[in-house]
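Engineer:
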Amino acid sequence: MRWSLQTSQGAVELVVQEGALGDVVSLLAKELERGRAFVVSDENVAPLYGEEVARKLSAPFLALVPGEQAKTWASVEAVVRFLLGHGAERGDLLVAVGGGVVTDVAGFAASVYMRGIRWVAVPTTLVGMVDAAIGGKTGIDLPEGKNLVGTFWQPRMVIADPLTLASLPERQLRAGLGEVIKAAMIAPSSLEHLWEEQGRRLADGDFLAVSALLATAMKVKSEVVSLDEREQGTRAALNLGHTLAHALEAATGYGYFLHGEAVAWGLLLVLLLAQRRGLLASVEAARWASRLGVMAPLPPIPVSWEQVVEYLGRDKKRASGALRWVLPRLGGVVLGVEVPLAEVQACFDKLRELPENGPFTSLFF
1 MRWSLQTSQG
11 AVELVVQEGA
21 LGDVVSLLAK
31 ELERGRAFVV
41 SDENVAPLYG
51 EEVARKLSAP
61 FLALVPGEQA
71 KTWASVEAVV
81 RFLLGHGAER
91 GDLLVAVGGG
101 VVTDVAGFAA
111 SVYMRGIRWV
121 AVPTTLVGMV
131 DAAIGGKTGI
141 DLPEGKNLVG
151 TFWQPRMVIA
161 DPLTLASLPE
171 RQLRAGLGEV
181 IKAAMIAPSS
191 LEHLWEEQGR
201 RLADGDFLAV
211 SALLATAMKV
221 KSEVVSLDER
231 EQGTRAALNL
241 GHTLAHALEA
251 ATGYGYFLHG
261 EAVAWGLLLV
271 LLLAQRRGLL
281 ASVEAARWAS
291 RLGVMAPLPP
301 IPVSWEQVVE
311 YLGRDKKRAS
321 GALRWVLPRL
331 GGVVLGVEVP
341 LAEVQACFDK
351 LRELPENGPF
361 TSLFF
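Each residue of the sequence shown is one higher than the one before, starting from 1 at the first, in full-length UniProt numbering.
1) Closer than 7 Å to a non-hydrogen atom of the ligand COA - does that hold for the CB of Ser-75?
2) Do Val-283 and Ala-251 have their beta-carbon atoms positioned less than 8 Å apart in this structure?
3) Whether or not the segment 295–313 and the segment 242–250 are in contact is what I'm after, with contact meaning three or more pairs of Cβ atoms, one per stretch, closer than 8 Å; do they touch?
4) Since Glu-13 and Arg-2 are thought to touch, with beta carbons under 8 Å apart, how far apart are those beta carbons, to the nearest angstrom?
5) Quick one: what's Pro-328 bridged to in DSSP?
6) Can you tell me whether DSSP reads Ile-301 as helix, strand or coil?
7) Which residues share a DSSP beta bridge with Pro-355?
8) Would you call the CB atoms of Lys-71 and Asp-131 closer than 8 Å?
9) Would you tell me roughly how many angstroms separate the C-alpha atoms of Ser-320 and Gln-69, rounded to the nearest one?
10) If you drop the 5 nearest sequence neighbours on each side, which residues of the same chain put their C-beta closer than 8 Å to that of residue 385?
11) Helix, strand or coil for Phe-360 per DSSP?
12) Check whether the Cβ atoms of Ala-160 and Val-16 sit closer than 8 Å, and answer yes or no.
13) What's the gap between the Cα of Gln-275 and the Cα of Val-337?
14) Measure the Cβ-Cβ separation of Lys-221 and Leu-238 and say whether it is below 8 Å.
15) Quick check on this structure: which residue in Ser-362, Pro-188, Gln-172 and Gln-232 has the alpha carbon closest to the alpha carbon of Asn-44?
16) Short of 6 Å in beta carbon distance, which residues of its chain neighbour Ala-59, apart from the five on each side in sequence? Order them along the chain.
17) Could you spell out the range, first to last residue, of the alpha helix (DSSP H) harbouring Phe-38?
18) Secondary structure at Ala-188, three-state DSSP: helix, strand or coil?
19) Quick check on Lys-30: buried or exposed, where buried means 16 or more other Cβ atoms within 10 Å of its Cβ?
20) Classify Gln-154 as buried or exposed, calling it buried when 16 or more other Cβ atoms lie within 10 Å of its own Cβ.
21) Assuming Thr-125 contacts Gly-107 (C-beta within less than 8 Å), just tell me the rounded distance between them.
22) Provide the residue span of the alpha helix (DSSP H) that contains Leu-94, from first to last.
23) Is DSSP giving Phe-61 helix, strand or coil here?
24) Find the nearest neighbour of Ala-166 within the set Phe-364, Phe-207, Val-80 and Leu-227, judged by alpha-carbon distance.
25) Leaving out the 5 sequence neighbours to the left and right, which residues in its chain are closer than 8 Å to Val-294 when beta-carbon positions are compared?
26) Using alpha carbons as the reference points, say which of Ala-46, Met-129, Leu-94 and Lys-182 lies closest to Leu-269.
27) Quick check: the Cα distance between Gly-332 and Asp-92, rounded to an integer number of angstroms?
28) Could you name the residues of the same chain whose beta carbon sits closer than 7 Å to that of Ala-217, not counting the 5 residues immediately before and after it, in chain order?
29) For residue 400 and Val-97, I'd like the C-alpha separation in whole angstroms.
30) Cα-Cα, which of Gly-358, Gly-145, Thr-164 and Pro-188 is closest to Ala-46?
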């Protein structure tokens, strides 16, 4: 499956193809006509895919340390110095092979090296495929909060090979389901039926029957991005579940939760808020919570409300000092909902009381 996302920085080609990594040279042929390739991955992905992609492209190779802890200034500097050390020029191409951290860091480095060079995302994780690699949001974390420094810098191409998911540890795979379910909540008319058909297969590790689900989740994000490239309005829908998620990640030092696990807790919170405000009936909220059950057990929330609220106050989606939420409703989402902190705290306290294995549906009855 192949389609284009039109952006202010040019067209982005998106490819979902089983065995795509084996065809990386032909897929990138047009981009390689303009300059040399340089490949960045991490130490986990390097022996699986990164080194092989670099070999096929006859490209210099750099492996970063793995994990969210690598989203730092030091990692960006390492990529920049890697490019500089190999004489990379403005017409060259940076290829990011790995998960969301690799694409965030490499994309950011590409945006600032010589004031911007081309880059390509080759996501090898579920989160990377359906979320991080699409949309051009690059950046790093600070101790004060997640993704507080970054740029909008669109890749030239996103190449997703579903077969790479077979190498993910079970926890990583299940964590990625949070972003797939988020996309389905945003665009249920496009994704809800595919989740029912293929979601359990994906959760169980059947990667040969889920291309339609992956491609459609990617299309949902790309279509939202095409309407609001720089997050001035409708693109905020993609932050569903992320207000709490980012606060949980920051409050726990970026090493406790996988991103999708924090998103799952964030989705449960917004389902509670939506139910309390009459945006969703209890049965509908419980239906989505049941789908999130495929991610169980979730790591329990180890931090207090007082620790979390400190980071909620630093959320990038504040407007005029007020924190605005994306909440689910029947058929999609509603943007910019102001919710009193006391109401958020009441729902957060319910989450902390929930057993890690659920059932998550018990929140709504």
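For glycine and all other residues, C-beta sits at the position ideal for the given N, C-alpha and C.
Structural biologist: Let me spell this out:
1) As for the ligand COA, it is missing from this structure, which has no ligand bound.
2) Counting from one through the sequence shown, the residue named residue 251 turns up at place 251. Counting from one through the sequence shown, the residue named residue 283 turns up at place 283. No, Cβ-Cβ distance for Ala-251 and Val-283 is not below 8 Å.
3) yes
4) Start at 1 with the first residue of the sequence shown, and residue 13 comes out as number 13. Start at 1 with the first residue of the sequence shown, and residue 2 comes out as number 2. Indeed they touch by this definition, with Cβ atoms about 7 Å apart.
5) As a first step, residue 328 is located in the sequence shown; it is residue number 328 there, counting from the start. DSSP output for Pro-328 lists Val-333 as bridge partner(s).
6) Here residue 301 is taken as the residue at index 301 of the sequence shown, counted from 1. In this structure, Ile-301 counts as coil in the three-state DSSP scheme.
7) As a working mapping, residue 355 is identified with position 355 in the sequence shown. None, per the DSSP bridge assignment.
8) Looking up residue 71 in the sequence shown gives position 71. Looking up residue 131 in the sequence shown gives position 131. No, they are not a contact pair.
9) Residue mapping note: residue 320 aligns to position 320 of the sequence shown, counting from 1. Residue mapping note: residue 69 aligns to position 69 of the sequence shown, counting from 1. Residue placement at Ser-320 is poorly supported in this model, since its pLDDT is 47, which falls under 50; the coordinates are not used for a value here.
10) With the chain covering 1 to 365 only, the question about residue 385 has no answer from this structure.
11) In the sequence shown, counting from the first residue as 1, residue 360 sits at position 360. Helix at Phe-360.
12) Against the sequence shown, residue 160 aligns to sequence position 160. Against the sequence shown, residue 16 aligns to sequence position 16. For Ala-160 and Val-16, yes; Cβs fall inside 8 Å.
13) Translated into positions along the sequence shown, residue 275 becomes position 275. Translated into positions along the sequence shown, residue 337 becomes position 337. The alpha-carbon atoms of Gln-275 and Val-337 are separated by roughly 14 Å.
14) The residue labelled residue 221 in the question sits at position 221 within the sequence shown. The residue labelled residue 238 in the question sits at position 238 within the sequence shown. Yes, they are a contact pair.
15) Translated into the one-based positions of the sequence shown, residue 44 becomes position 44. Answer by Cα proximity: Gln-172.
16) Within the sequence shown, residue 59 is the residue found at index 59, counting from 1. Ala-37, Phe-38 and Val-39.
17) In the sequence shown, counting from the first residue as 1, residue 38 sits at position 38. That residue, Phe-38, is in no alpha helix (DSSP H); its beta strand (DSSP E) goes 37–42.
18) By one-based count along the sequence shown, residue 188 stands at place 188. Reading the sequence as shown, one finds Pro at residue 188 and not Ala. Pro-188: helix per DSSP, three-state reduction.
19) Numbered from its first residue, the sequence shown carries residue 30 at position 30. When all chains shown are included, Lys-30 counts as exposed.
20) Counting from 1 along the sequence shown, the entry for residue 154 is found at position 154. Buried.
21) Counted from its first residue, the sequence shown places residue 125 at position 125. Counted from its first residue, the sequence shown places residue 107 at position 107. Rounded, the Cβ-Cβ distance is 15 Å, inconsistent with contact.
22) Sequence index remark: in the sequence shown, residue 94 carries index 94 (1-based). Leu-94 -> not in any alpha helix (DSSP H); beta strand (DSSP E) instead, spanning 93–98.
23) Position 61 of the sequence shown holds residue 61. Strand, per DSSP.
24) On the sequence shown, residue 166 is found 166 positions in, with the first residue counted as 1. Measuring from the Cα of Ala-166, the nearest candidate turns out to be Phe-207.
25) Taking the sequence shown and counting its residues from 1, one reaches residue 294 at position 294. Hits under 8 Å: Arg-174, Leu-177, Gly-199, Arg-200 and Ala-203.
26) Position 269 of the sequence shown, counted from the first residue, corresponds to residue 269. Per the Cα distances, Lys-182.
27) Translated into the one-based positions of the sequence shown, residue 332 becomes position 332. Translated into the one-based positions of the sequence shown, residue 92 becomes position 92. The alpha-carbon atoms of Gly-332 and Asp-92 are separated by roughly 41 Å.
28) As a position in the sequence shown, residue 217 is number 217, starting the count at 1. Here the set comprises Val-130, Val-180, Ala-183 and Leu-191.
29) There is no way to answer for residue 400, as the model of the chain reaches only from 1 to 365.
30) Stepping through the sequence shown from its first residue, residue 46 is reached at position 46. Of the candidates Gly-358, Gly-145, Thr-164 and Pro-188, the one whose C-alpha sits nearest the C-alpha of Ala-46 is Thr-164.
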